[in-house]
Amino acid sequence: MRKNRRLGGLFKCLQEKLPVLRTLARRRKNIYRDSNCISCKNGKEEDQDHLSECSKYKDLWNNLEETAIQAAWTAVPADMRHSKVKDQLRKAFWGSTQKERISTRKGLVKGLIREETFTKVLLLLKGKVKEATCFCDCASVVAWNIFYEEIWRIRCEDMIKWEKSNGICRRDKFENKRKKNPKDPRKDQLKKELLSEKEKKKLRQEIKEKELAEKCRREKLLEEFIEKLIAKGEKPFWYGL
8 MRKNRRLGGL FKCLQEKLPV LRTLARRRKN IYRDSNCISC KNGKEEDQDH
58 LSECSKYKDL WNNLEETAIQ AAWTAVPADM RHSKVKDQLR KAFWGSTQKE
108 RISTRKGLVK GLIREETFTK VLLLLKGKVK EATCFCDCAS VVAWNIFYEE
158 IWRIRCEDMI KWEKSNGICR RDKFENKRKK NPKDPRKDQL KKELLSEKEK
208 KKLRQEIKEK ELAEKCRREK LLEEFIEKLI AKGEKPFWYG L
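Here it is, written out as structure tokens:
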């Protein structure tokens, strides 16, 4: 279940479809009337990119960056493991300025790193492609996992508290969906009369099989490139941001 949740989260991040306030405000204007971030309260709109620079998560991002480099450090050849090299790799991967670091974070939330980042790491590791690939892959995976399990989780917990304090409950969300898509009972009744029990059963089975096939296809797609990222050391498609 947890694995599927992460895969679903990564899929949303890749498509920039995390349920941030900007998205929620557009979908349900009568419930979310303001798209400004409730965490930093600086009057900035909460879109997916804002999560990378929100002041609420400043310390979490700093710790995330260090943890990702520590994990990726194991890919560096033993004869090159010096503090100076480590600092150079940190700057090459994350950037040397705050602006560069935020830009790198935004990409990593979607599982992306820049081609120039890989090139810098490759040069520091003396052209060793396998080690450079492993370093970037490891840092990317660790960074995204921490983002999703800590930063995004905390943001969701804050959102739930905010919704409760503003009298928004799950029932309101579902009722809003029903209002947007009202059903015509007469049409529904007519359809029921036209379909025999056998046809209904066949239709339900077809819908179920189609939904299952789509779910399996998505999970297989995500699992394949994550396996490439972690196990095979292959260069994933996202080295092109």
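Quick note: the numbering used here has the sequence shown finishing at residue 248, numbered continuously throughout. C-beta: ideal position from N, C-alpha, C; glycine also. These numbers come from a predicted model, not from an experiment.
Chain-order list of residues whose beta-carbon lies under 7 Å from that of residue i (same chain, five-residue window excluded)
i: L67; result: E157, I158
i: Q55; result: E23, L25, V27, V116
i: K239; result: Summary for K239: the model assigns pLDDT 46, below 50, so the residue's position carries little reliability; its value from the coordinates is reported in the next sentence. Nothing listed; no residue qualifies.
i: A150; result: L71, A75, L115
i: I175; result: I38
i: R13; result: Y155
i: C145; result: A78, A79, A82
Unbroken alpha helix (DSSP H) run spanning residue i, endpoints
i: E123; result: 122-131
i: R29; result: 28-34
i: M166; result: 159-172
i: A139; result: 136-153
i: G102; result: Run containing G102: none; DSSP gives neither H nor E here.
Residue i, DSSP secondary structure in three states
i: N37; result: coil
i: N70; result: helix
i: N49; result: coil
Of the residues the options, the one placed nearest residue i, counting alpha carbons only
i: R112; options: I153, R88, E216; result: I153
i: C20; options: S42, R211, G118, K93; result: G118
i: E46; options: R211, A82, E170, R178; result: Before going on, a small fix: residue 46 reads as Ser here, not Glu. Measuring from the Cα of S46, the nearest candidate turns out to be E170.
i: K65; options: A78, R35, R34, Q105; result: Q105
i: S272; options: K48, R35, L14, A78; result: Nothing can be reported for residue 272, as the shown portion of the chain is limited to 8 through 248.
i: D94; options: K127, K217, I120; result: K127
i: L96; options: T140, K63, S62; result: T140
Beta-carbon contacts of residue i that lie in its chain and below 6 Å, excluding the five residues immediately before and after
i: G102; result: R108, T111
i: G16; result: Y155
i: A32; result: Y39, S42
i: G50; result: N43
i: L129; result: A139
i: K63; result: S46, C47
Contacting residues, own chain, Cβ-Cβ under 8 Å from residue i (five flanking each side not counted)
i: T124; result: A99, F100, T111, C143
i: E52; result: L28, R29, S42, N43, C44
i: E138; result: A82, V83, P84, L132
Residue-level contact to chain C via CB, residue i, 8 Å cutoff
i: Q22; result: Note that chain C does not occur in the displayed structure, where there is just one protein chain.
Given 8 Å as the limit, is there contact between the region 72-92 and the region 124-136, that is, 3 or more CB pairs closer than that? Contact holds: three or more Cβ-Cβ distances are below 8 Å.
Does the region 44-63 come into contact with the region 162-177, if we say contact requires no fewer than three beta-carbon pairs (one atom in each stretch) closer than 8 Å? At 8 Å Cβ cutoff, the stretches touch.
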